[in-house]
Structure formats: C-alpha cells, structure tokens
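These notes concern the structure reproduced below.
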Amino acid sequence: MTDPGASDPGTRVSGAHWWDPDRASHLADRPRFCPNCGKGVTGTEGISVEYWEADRRVFHTWCNTCGWSGNIVRVERMVGHEPEH
Ligand SMILES: [Zn+2]
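The opening position of the sequence shown corresponds to residue 22 in this note's numbering, with each subsequent residue numbered one higher.
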C-alpha cells in the first residue's frame, strides 16, 4: 500500500507514535496560504514550522513564491484601542 501523503511528508498517515496527536493538530491548523501574496505555503510552495511558547502555538512560515517569512499565531481574543472618530 502506498502512502497517499508520500510527496508531502507533513501529510503522511501511516505509523503510530506518541507525537501523532500533535502532528494531527499541526496538519489541521498550519497556515495554508501566504499572508503577503496569497499563494500556498504547503508542500514545495513553502514551509510552516510550529513551536510553542507556553500554551501559545507559533507557526514560523516561509513562502517560496514571494520570499515572505514570519510568525503566524492564532489569537483567541484581542484587546485593542480604537481612536474616536
Ligand atoms: Zn507569498
């Protein structure tokens, strides 16, 4: 049986490891498109590496199309300031 994700190592489905829940979460939540040009950043189009800062998940992402790189973080709640109009 061939692995359907063989061309994109991030999508392999075979094997059972202690890190599988984190791997599945990464695949579900990783950025799919560049915030600068809108092109894809999965597979050979770029890369998104996840690391953690306490309970915050940070996706350091690079786009192969425009060269943009930066950190993408999901925000549950944002408190900001809006000046009076
Ligand atoms: Zn881009």
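C-beta atoms are modelled at their ideal positions from N, C-alpha and C, and glycine is treated no differently.
Please find out if some non-hydrogen atom of ligand 1 comes closer than 7 Å to the beta-carbon of N57.
yes
Buried versus exposed call for G88 [16 or more other C-beta atoms within 10 Å across all chains shown]
Its Cβ having fewer than 16 others within 10 Å, G88 is exposed.
So, for W83: in the same chain, excluding its five sequence neighbours on each side, which residues have a beta-carbon less than 6 Å away from its beta-carbon?
G67, I68 and S90
For M99 and E105, the rounded distance between their alpha carbons:
Near 19 Å, if we compare the C-alpha coordinates of M99 and E105.
Tell me whether C55 is buried or exposed, calling it buried when 16 or more other Cβ atoms sit within 10 Å of its Cβ.
buried
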